[in-house]
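Sequential numbering of the sequence shown, starting at 41, is according to my numbering. For reference, the structure is listed below as structure tokens.
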Amino acid sequence: MRVLIASDKFKGSLTSAEVAHGLAHGMRRVDPSVEVIQTLIADGGDGTIDAALAAGFEACPVEVPTPLGDGRLAARFARRGPTALVELAEVAGTARLPDGPEPLAASTLGVGLAIRAALDAGCTEIIVGLGGSCSTDGGAGILLGLGAVILDAGGRPVPLGAAGLSRVASVDLSPLRAGMSGRRFIAASDVTNPLLGPAGAAHVFGPQKGASAADLPQLDAALANWADVLDAAVGSSAQTDQTAEAAQTDRTARDAPGAGAAGGSGYALRAALDAELVSGAQWLLELIGFSDQLAGVDLVITGEGSLDTQSLGGKASVAVAQAARAASVPVVAACGINELSAAESMSAGFSGVWALHDLEPDLARCRAEASTLIITLGEALLREYRDPRFA
41 MRVLIASDKF KGSLTSAEVA HGLAHGMRRV DPSVEVIQTL IADGGDGTID AALAAGFEAC
101 PVEVPTPLGD GRLAARFARR GPTALVELAE VAGTARLPDG PEPLAASTLG VGLAIRAALD
161 AGCTEIIVGL GGSCSTDGGA GILLGLGAVI LDAGGRPVPL GAAGLSRVAS VDLSPLRAGM
221 SGRRFIAASD VTNPLLGPAG AAHVFGPQKG ASAADLPQLD AALANWADVL DAAVGSSAQT
281 DQTAEAAQTD RTARDAPGAG AAGGSGYALR AALDAELVSG AQWLLELIGF SDQLAGVDLV
341 ITGEGSLDTQ SLGGKASVAV AQAARAASVP VVAACGINEL SAAESMSAGF SGVWALHDLE
401 PDLARCRAEA STLIITLGEA LLREYRDPRF A
């Protein structure tokens, strides 16, 4: 039996590689002859650079400000030829706030500076992996890092982070656009949410970044102000800058699928740099040649920390399931917690779902013992999958 394990990380407990190793260990306890192939996947968030490195990219070190601007941090972008991958979570992810979330102060400035480093290194195609962000600054920090000038009504620089968005009165993109001719940008997103409204960056993802229920309407209004000013700046710039001819000159960038990704960073990249918004999971599967890896495989195991309705909107596990199903290869899911109904799981392409939480109902203990439980899960999965009653 040949099994391909292509799982995303279990956020907060296991990396993609640890999930694959644990499942393989458990399955080999049941049947030592099982041939296990492991491949790293991600959806644009945490682990995207690691998956790219495994696919032949080279790590390039870069030093950038922390999300709070209170120090410097060592990060990486990945490069292969003229193409660079900047993972937002590597620079401005939740792990970069060890003392807890700062929903109004956290900024993506370091991401913009990492992109600038890749451009200065001669890269002409920049992929920005969006996901796992600690900031809801609408991508303002990214544009600042690339040279944009963002001022309040008094001509003063606005504070970094979401806290400054309501005060934005003008944006000058001309310093950012200098030298951008011939550069292509792709924003690889793990979600399809727009920038604003009930399904937007503030209301859906703000609580994950520490925003209270009372903060959400104000945060959404601040993002709307930012979008109004940036859209006007893009339209003005397009009249005088030939590199901006293809840029969004109306309000469509804010409504584009993925505009709300990474606290609105998808919107800023689309509006100011005409970035193509794509599925991070689909992009990565193409990068690693996933379809070719399915040849001769009897079973695919994919998964992520939490299988839920958000998984259905662009997460890596569902992208893997769809690719495997298209190749007529059975696919099952391993996860930390499963919140999908049986019908939703089947619709997503999973023949079955196994969850750590079913083995250990205490959530804190489940996370703490994940490295052991994933081995047990691998055993149970193979035994039950081979049981004639499963089919």
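A virtual CB, placed ideally from N, CA and C, is assigned to each residue, including glycine.
From this set, the options, which residue's C-alpha is nearest residue i's C-alpha?
i	options	result
Leu263	Ala273, Phe117, Leu235	Leu235
Ala145	Gly298, Ile415, Pro199, Val340	Pro199
Phe378	Val372, Leu339, Val393	The residue you asked about is not Phe; residue 378 is Asn in the sequence shown. Of Val372, Leu339, Val393, the residue nearest in Cα terms is Val393.
Thr88	Ser73, Gly121, Pro107, Val131	Val131
Gly187	Ala296, Glu98, Ser175, Ala154	Ala154
Ile415	Ser53, Gly304, Gly62	Gly62
Asp10	His243, Ala115, Ala335	Nothing about residue 10 can be read from this structure; the chain reaches only from 41 to 431.
Leu191	Ala251, Asp48, Leu159, Trp266	Trp266
Thr151	Asp177, Asp255, Thr342	Looking at the sequence provided, one finds Val at residue 151 rather than Thr. Looking at the Cα atoms, Asp177 is the closest of the given residues.
Asp86	Arg405, Lys249, Ala254, Val126	Val126
Pro107	Phe330, Arg119, Pro138, Glu98	Pro138
Ala60	Ser73, Gly109, Ala46	Ala46
Leu352	Pro247, Val369, Leu380	Leu380
Tyr425	Pro370, Leu403, Ala404	Pro370
Leu184	Leu256, Arg156, Asp402	Arg156
Met220	Val372, Ser73, Asp160, Glu384	Asp160
Ser346	Ser319, Gly133, Ser385	Ser385
Pro141	Ala251, Pro72, Val76	Ala251
Once the 5 residues before and after residue i are set aside, which same chain residues still bring their CB inside 6 Å of it?
i	result
Leu422	Met67, Val70
Ala311	Leu270, Val274, Gln288, Ala293
Ser53	Arg407, Ala410
Gly298	Ser229, Thr232, Gly306, Leu317
Val189	Asp212
Pro215	Gly187
Ser319	Gly354
Asp290	With a pLDDT of only 48 at Asp290, under the threshold of 50, the placement of this residue in the model should not be trusted, and no figure is reported.
Could you please give me the residues that DSSP links to residue i through a beta bridge?
i	result
Gly116	Note on identity: in this sequence residue 116 is Arg, with Gly being the wrong assignment. Pro101, per the DSSP bridge assignment.
Glu75	Arg42
Ser346	Ile377
Gly133	Ser173
Glu127	Gly169
Ile226	Ile167, Glu316
Ala395	Cys375
Leu54	Phe50
Asp212	Val189
Pro197	Leu191
Ala339	Ala is not the amino acid found at residue 339; the sequence shown has Leu there. Per DSSP, Val43.
Which whole-angstrom value describes the C-beta separation of residue i and residue j, a residue pair presumed to lie in contact below a C-beta threshold of 8 Å?
i	j	result
Arg217	Ile166	With a Cβ gap of about 14 Å, Arg217 and Ile166 do not count as contacting.
Gly376	Phe50	5 Å
Ala57	Leu80	6 Å
Leu317	Ala180	Wrong, their Cβ atoms sit about 18 Å apart, outside the cutoff.
Pro143	Lys249	5 Å
Ala158	Phe117	5 Å
Ser147	Gly109	7 Å
Ala374	Ser331	About 21 Å separates the two Cβ atoms, so there is no contact after all.
Cys163	Ala193	Not a contact, Cβ separation roughly 37 Å.
Val168	Leu309	6 Å
For residue i, which residues in the same chain have their Cβ closer than 7 Å to its Cβ, ignoring the five residues on either side in sequence?
i	result
Glu409	Glu400
Asp338	Met41, Arg42, Val43
Lys302	Sequence inspection shows Ala at residue 302; the Lys mentioned does not correspond to that position. Excluding residues within five positions, the ones whose Cβ falls inside 7 Å are Leu128, Leu170, Gly171, Ser173.
Ser210	Leu191, Val269
Leu413	Leu396, Leu399, Glu400, Cys406
Asp427	none
Leu256	Ala242, His243, Gly246
Gly201	Leu144, Ala145, Ala146, Ser147, Ser175, Asp177
Arg136	Thr106, Pro107, Leu113, Cys174
Going by beta carbon distance, what residues of the same chain come within less than 8 Å of residue i, once the five residues before and after it are set aside?
i	result
Ala420	Gly66, Trp394, Leu399
Ala286	Residue placement at Ala286 cannot be trusted, given a pLDDT of 44 that sits under 50; the coordinates are not used to answer.
Lys355	Asp48, Asp83, Asp230, Ala321, Glu344
Pro122	Gly162, Cys163, Thr164, Glu165
### Stretch-stretch touch, CB-based, cutoff 8 Å, three pairs: the stretch 377-392 with the stretch 355-368
Flag = yes, the stretch 377-392 and the stretch 355-368 touch.
### Task
Examine the Cβ distances between the stretch 201-216 and the stretch 253-262 and report whether three or more of them are shorter than 8 Å.
Enough Cβ pairs lie closer than 8 Å, so yes.
### Message
Below 8 Å, how does it come out for the stretch 349-361 and the stretch 313-328: are there three or more Cβ pairs, yes or no?
### Response
Verdict: yes, contact present.
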